[in-house]
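One structure is given here, and the rest of the page talks about it.
Residue numbers (the numbering used here): 17 to 226.
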């Protein structure tokens, strides 16, 4: 498996205690054939192979804990990747993010903070943006939070959804695949909502300090 993080450095946000993960070498993501060729560092610093999600419906998001509880028995897994690239909306460190999510009883797999654009972008996102069905409007860069990618069971990008697309599309797709009696047809759904706890997190911290 190709590790998503070759090494870590102290970046622009490191002064506040945040470790930014560097991307793997360029050639690694360019030779990948599916999302299962990647690994990611979770919120606790453990390297997790995305191969473990093969055959499951996967949503990468920040707000779908209720959906996780509803569909978990059918193999739904939610992966949450924080990012601070959009208006510094995710300034907290991994410990703060995890603590805040747990206060809302969030039941999904949380990963370390990443970049989704630029030279240090997470290799998985570099790869998805370059796939035929993963290209964006007016360029491939992630424009803002709540960009979403639909990935089939073979780990291929099937569709990219923009920030303004109705999040209910996720539920609609899950309902669609529920009609198949043979779950081998069930696609893997990767729904990318770049983690944006921003106001929630800081309001929580400020209120907690009062």
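Beta carbons are placed, not taken as given, at the ideal position from N, Cα and C, and that holds for glycine.
Values in this document were obtained by computation on a predicted structure and should not be read as measured data.
Contacting residues, own chain, Cβ-Cβ under 7 Å from residue i (five flanking each side not counted)
| i | result |
| --- | --- |
| residue 66 | 51, 52, 54, 55, 56 |
| residue 70 | 52 |
Alpha-carbon to alpha-carbon, residue j and residue i
| i | j | result |
| --- | --- | --- |
| residue 165 | residue 157 | 13 Å |
| residue 110 | residue 95 | 15 Å |
| residue 72 | residue 125 | 13 Å |
| residue 61 | residue 103 | 25 Å |
| residue 198 | residue 118 | The pLDDT assigned to residue 198 is 34, lower than 50, so where the model puts this residue is not dependable, and the model offers no usable value. |
| residue 63 | residue 180 | 32 Å |
| residue 174 | residue 99 | 23 Å |
| residue 140 | residue 68 | 15 Å |
| residue 163 | residue 101 | 13 Å |
Contact check, residue i vs residue j, beta carbons under 8 Å
| i | j | result |
| --- | --- | --- |
| residue 153 | residue 178 | yes |
| residue 45 | residue 143 | yes |
| residue 97 | residue 127 | yes |
| residue 150 | residue 176 | yes |
| residue 114 | residue 59 | yes |
Reduced DSSP secondary structure (H/G/I, E/B, other) of residue i
| i | result |
| --- | --- |
| residue 158 | coil |
| residue 119 | helix |
| residue 53 | helix |
| residue 98 | strand |
| residue 113 | helix |
| residue 129 | coil |
| residue 60 | coil |
| residue 151 | coil |
| residue 174 | strand |
Same chain only: Cβ atoms within 6 Å of residue i, ignoring 5 sequence neighbours per side
| i | result |
| --- | --- |
| residue 147 | 173 |
| residue 171 | 50, 51, 52 |
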